[in-house]
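For the sequence shown, the numbering used here gives the first residue as 492, with consecutive numbering after it.
Here a beta-carbon is modelled for each residue, glycine too, at the ideal position from N, C-alpha and C.
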Amino acid sequence: MNAQGNGHEHEFEAAYGLPEALPKGETVLWQGAPDFGDLAVRVFHLKKVAVYFAILVIVRSSYLHSLDKSSLTILAGALIVAGLGLTAMVALALLAWLTARTTVYTLTDKRIVMRIGIVLT
C-alpha cells in the first residue's frame with residue numbers, strides 16, 4: 492500500500508486524504524492506499540473469475556462436442572463464453588482500479604481516517 496500517485500480527489504481537501512486540516516497536536520503516523528493488483532486478486536477475485544470462465548468454456552465445448560456439432564459451432568460456443576468472461580474480468584479490473592485510485596487510509600495518533608468511494612456520474 493502506498494499513497495503516492497493518487498493526488499487530491501477533491502478541491503476542498505485540506506491535506507491529501509483528509510477532509511479538513513488536522514487539529515493542533517494531532518500528527519499523521521501513516522498514510523496509504525490499496526494496491527490495484529492486490530485489490531483485483533484478493534477483493535474482486537479476478538483469478539477465480541478467470542478460472543471459472545475457463546471451466547465454463549471447457550464445459551460448453553464438451554457439451555457441444557457430445558451433441559456431434561461441427562468444429563465451427565464448438566469454436567463459436569467457446570468464443571461466446573470466453574467473450575462474456577473477458578467482459579466480466581475487464582469490469583472487475585476497472586472496479587479494482589477505481590477503488591484503488593479513490594481510497595486513502597490515514598492513521599493519526601488519535602484516529603483513523605478512511606477516504607473510500609467511487610463516484611460515477
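Judged by beta-carbon spacing, residue 508 lies within the 7 Å limit of residue 606, meaning their Cβ atoms are closer than that value. Proximity to residue 514 across 529, 584, 601 and 554 peaks at 601, based on C-alpha coordinates. Between residue 589 and residue 609, the C-beta gap is smaller than 7 Å, which places the two residues in contact. DSSP places residue 507 outside both helix and strand once states are collapsed to three, so it counts as coil. A residue is called buried once 16 or more other Cβ atoms fall within 10 Å of its Cβ, and residue 576 is buried on that count. Rounded to whole angstroms, the Cβ separation of residue 548 and residue 569 is 5 Å, and the two are in contact under 8 Å. Taken in chain order, the unbroken stretches of alpha helix (DSSP H) that lie wholly in the segment 520-570 and span 4 residues or more are 527-533 and 537-557.
Leaving aside the five residues that flank residue 540 on each side, the residues in its chain whose CB is nearer than 8 Å to its CB run, in chain order, 576, 579, 580 and 583. In this chain, the beta strand (DSSP E) harbouring residue 603 covers 603-606. Taken through DSSP and simplified to helix, strand or coil, residue 572 comes out as helix.
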